[in-house]
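Take this note's numbering: the last position of the sequence shown gets the number 162, and nothing is skipped along the way.
Where is the CB? At the ideal position from N, CA and C, for every residue including glycine.
Comments concern the structure below.
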Amino acid sequence: YGDSDSSSKCNTLYALMAFMVYQRGLNVTAILGDEYQNVKKLITDALESVEVVSGMVAGIKCEHIGDVTLIKEADFSSLGVDAISSFMKKNKEQNKPVFIDLPNRIKAEGSMGRMLPLYRLIDSFTLVMDSKRASITDVRQDLHFMRCYGFTLKGVVLKES
2 YGDSDSSSKC NTLYALMAFM VYQRGLNVTA ILGDEYQNVK KLITDALESV EVVSGMVAGI
62 KCEHIGDVTL IKEADFSSLG VDAISSFMKK NKEQNKPVFI DLPNRIKAEG SMGRMLPLYR
122 LIDSFTLVMD SKRASITDVR QDLHFMRCYG FTLKGVVLKE S
């Protein structure tokens, strides 16, 4: 979640996934929208000898690259709330972190009716912001938005573009 440019968001997603895989030894799943191809490229560049394997996870098309599973946001969000809830619960039981690339606050507010059930299934959020472009007002509005909906903020990543 955040208001960051594409490269900052992509690099942050990649770094968080790499930390979980290499420092914690976990398999991770990432549900990505616009950043799908960019994150996939970062992973395949880093893991030159690892094959990309297409498959299915809980009835969702995905690609496996080593210990990372990538799912396109459009494929994920087309599932019903019960299927999404089951998917998230199963990953939690298996101690598999799921990273979901969410839109910025303005886009999220515009789709709350449709997306709120998904947002409620997320344990915590990390806010990614471009420190050169974000004002203190932006930060306050984002934090207020998250507090109003009861979202748990795990951290804030300030990136410089």
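Whether residue i touches residue j by CB criterion (8 Å)
| i | j | result |
| --- | --- | --- |
| residue 68 | residue 22 | yes |
| residue 78 | residue 119 | yes |
| residue 88 | residue 59 | yes |
| residue 76 | residue 62 | yes |
| residue 113 | residue 126 | no |
Beta bridge counterpart(s) of residue i as assigned by DSSP
| i | result |
| --- | --- |
| residue 160 | 131 |
| residue 57 | 62 |
| residue 73 | 33 |
Proximity winner among the options, relative to residue i (alpha-carbon distances)
| i | options | result |
| --- | --- | --- |
| residue 54 | 86, 45, 64 and 48 | 64 |
| residue 36 | 19, 10, 17 and 16 | 10 |
| residue 91 | 30, 103 and 24 | 30 |
| residue 129 | 27, 105, 66 and 62 | 105 |
| residue 70 | 138, 137 and 28 | 28 |
| residue 96 | 16, 26, 46 and 155 | 26 |
CA-to-CA distance, residue j to residue i, given in whole angstroms
| i | j | result |
| --- | --- | --- |
| residue 142 | residue 50 | 44 Å |
| residue 38 | residue 74 | 12 Å |
| residue 33 | residue 149 | 25 Å |
| residue 13 | residue 72 | 17 Å |
| residue 152 | residue 160 | 22 Å |
| residue 101 | residue 107 | 17 Å |
| residue 103 | residue 158 | 15 Å |
| residue 144 | residue 16 | 23 Å |
| residue 84 | residue 109 | 21 Å |
| residue 132 | residue 57 | 38 Å |
Beta-carbon separation (whole angstroms), residue i vs residue j, contact threshold 8 Å
| i | j | result |
| --- | --- | --- |
| residue 122 | residue 86 | 6 Å |
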